[in-house]
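Peer 1:
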Amino acid sequence: MYWKTLFDGIMVGFSASVPLGPIGVLIIQRTLQNGRLSGFFSGLGAVMSDVIYAIIAGFSLSYIVSFIEAQMLWIQLGGVIVLTTLGIKIYRTNPAAGLRRQKAGKHTFIKDFVSTFFLTLSNPLAIFLFIAFFASFRVLKPAYGLAGHMIIISGVFLGASLWWLVLTSLVGLFRSKINLRRLYWINKIAGSMIILLVLAAFTVWFVKAYV
Numbered sequence: 089m090y091w092k093t094l095f096d097g098i099m100v101g102f103s104a105s106v107p108l109g110p111i112g113v114l115i116i117q118r119t120l121q122n123g124r125l126s127g128f129f130s131g132l133g134a135v136m137s138d139v140i141y142a143i144i145a146g147f148s149l150s151y152i153v154s155f156i157e158a159q160m161l162w163i164q165l166g167g168v169i170v171l172t173t174l175g176i177k178i179y180r181t182n183p184a185a186g187l188r189r190q191k192a193g194k195h196t197f198i199k200d201f202v203s204t205f206f207l208t209l210s211n212p213l214a215i216f217l218f219i220a221f222f223a224s225f226r227v228l229k230p231a232y233g234l235a236g237h238m239i240i241i242s243g244v245f246l247g248a249s250l251w252w253l254v255l256t257s258l259v260g261l262f263r264s265k266i267n268l269r270r271l272y273w274i275n276k277i278a279g280s281m282i283i284l285l286v287l288a289a290f291t292v293w294f295v296k297a298y299v
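In this text, residue positions in the sequence shown follow my numbering: the first is 89, and each later residue adds one.
1. Measure the C-alpha to C-alpha separation of Arg270 and Leu120 and round it to an integer number of angstroms.
2. Are any of the Cβ atoms in chain B nearer than 8 Å to that of Gln121?
3. To the nearest angstrom, report how far apart Glu157 and Trp251 are at their CA atoms.
4. May I have a chain-ordered list of the alpha helix (DSSP H) segments no shorter than 4 residues that lie completely inside the region 97-170?
5. Under the assumption that Thr256 contacts Ile115 (Cβ atoms under 8 Å), give the Cβ distance between them as a whole number of angstroms.
6. If you reduce the DSSP assignment to three classes, tell me which class Ser210 lands in.
7. Looking at C-beta atoms only, is the number of pairs between the region 199-209 and the region 123-142 that lie closer than 8 Å three or more?
8. I need the DSSP call for Thr93, collapsed to helix, strand or coil.
9. I need the straight-line Cα distance from Thr173 to Tyr298, nearest angstrom please.
10. To which residues of the same chain is Arg263 closer than 8 Å at the C-beta, ignoring the five residues directly before and after it?
11. With burial defined as no fewer than 16 other Cβ atoms inside 10 Å of the residue's Cβ, what is the status of Val69: buried or exposed?
12. With distance defined between alpha-carbon atoms, name the residue in Phe245, Leu285, Leu253 nearest to Leu171.
13. For Ser210, which residues of its own chain have a beta-carbon under 6 Å away from its beta-carbon, when the five flanking residues on both sides are left out?
14. Under a Cβ-count criterion, where at least 16 other Cβ atoms within 10 Å of its own Cβ denotes burial, should Thr291 be classed as buried or exposed?
15. Once you ignore the five residues that flank Leu94 on each side, which residues in its own chain have a CB closer than 7 Å to its CB?
16. Hey, out of Gly146, Gly109, Ile178, whose CA is closest to Val100's CA?
17. Can you name, in chain order, every residue of its own chain whose Cβ lies under 7 Å from the Cβ of Ser103, other than the five neighbours on each side?
18. For Gly109 and Ile282, what's the separation of their Cα atoms in angstroms?
19. Could you have a look at His195 and say whether DSSP puts it in helix, strand or coil?
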């Protein structure tokens with residue numbers, strides 16, 4: 089039973105990570121500029137944030153969900169400001185300066201991990217995403233108990249990590265073909281996409297919630 093439970097968790101984690109929102113665009117941009125490991129560690133930051141939200145969804149921590157629902161507008165606005173600022177920063181980033189920082193040892197994988205962790209954590213809608221996926225895959229059952237639930241959460245971690253490993257590996261294959269001029273335009277496109285995705289997602293949510 090536990091192997092099937094683990095596999096179900098992997099499927100949830102993998103499926104929930106596939107949609108390429110602003111964080112996905114950021115991770116692709118980092119992979120192209122700084123390499124596969126930078127992209128993968130950035131992905132792991134997103135994974136750990138997703139695991140936290142999966143735990144809240146899986147264990148039905150209703151008081152946290154209620155607080156997020158009550159403060160959703162302000163949390164969403166905070167996330168929009170942070171991610172839009174990030175998009176502008178990436179848009180204005182000089183790839184040559186980034187490469188110089190990397191060679192000087194000022195770029196670290198820990199920074200990649202931590203920054204993406206907090207950026208992903210700024211999107212509490214992930215809780216409801218995992219609630220939907222858990223319901224769709226029918227993986228949460230009272231008979232599983234604490235051990236079964238922890239196995240599901242472990243599967244979510246493995247599945248999400250697998251997705252970012254696959255994505256950054258595939259994107260990394262094209263990195264050798266990217267010169268500074270192309271990287272310059274990639275930063276422009278990535279920054280613009282992050283801003284547009286964030287604003288579009290907020291607009292759709294706001295219309296559904298208040299109009």
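All residues carry an ideal CB built from backbone N, CA and C; glycine is no exception.
The structure displayed is predicted, hence computed values, not measured ones.
Peer 2: The relevant details are as follows:
1. Using only the alpha carbons, I get a separation of about 10 Å.
2. The structure shown has no chain B; it contains just one protein chain.
3. In this model, Glu157 and Trp251 are separated by some 29 Å (Cα to Cα).
4. List check, alpha helix (DSSP H) in window: 110-122, 124-146, 150-158.
5. Between Thr256 and Ile115 the beta-carbon gap is near 7 Å, inside 8 Å, which marks them as a contact.
6. In the structure shown, Ser210 adopts coil according to DSSP, grouped into three states.
7. The answer is yes - the region 123-142 touches the region 199-209, with three or more Cβ pairs under 8 Å.
8. When secondary structure is reduced to three states using DSSP, Thr93 falls in the helix class.
9. Their backbone Cα atoms lie some 25 Å apart in a straight line.
10. Cβ within range, chain order: Thr119, Leu120, Gly123, Arg124.
11. Absent from the structure is residue 69, since the part of the chain shown begins at 89 and ends at 299.
12. Comparing Cα positions, the closest option is Leu285.
13. Excluding positions up to five away in sequence, the list reads Gly167, Val170.
14. Counting the other CB atoms within 10 Å of its CB gives Thr291 a total below 16, which places it among the exposed residues.
15. The answer, listed in chain order, is Ile239, Ser242, Gly243.
16. The candidate whose alpha carbon is nearest that of Val100 is Gly146.
17. Cβ within range, chain order: Phe221.
18. Rounded to the nearest angstrom, the two C-alpha atoms are 8 Å apart.
19. Note: His195 maps to coil in three-state DSSP.
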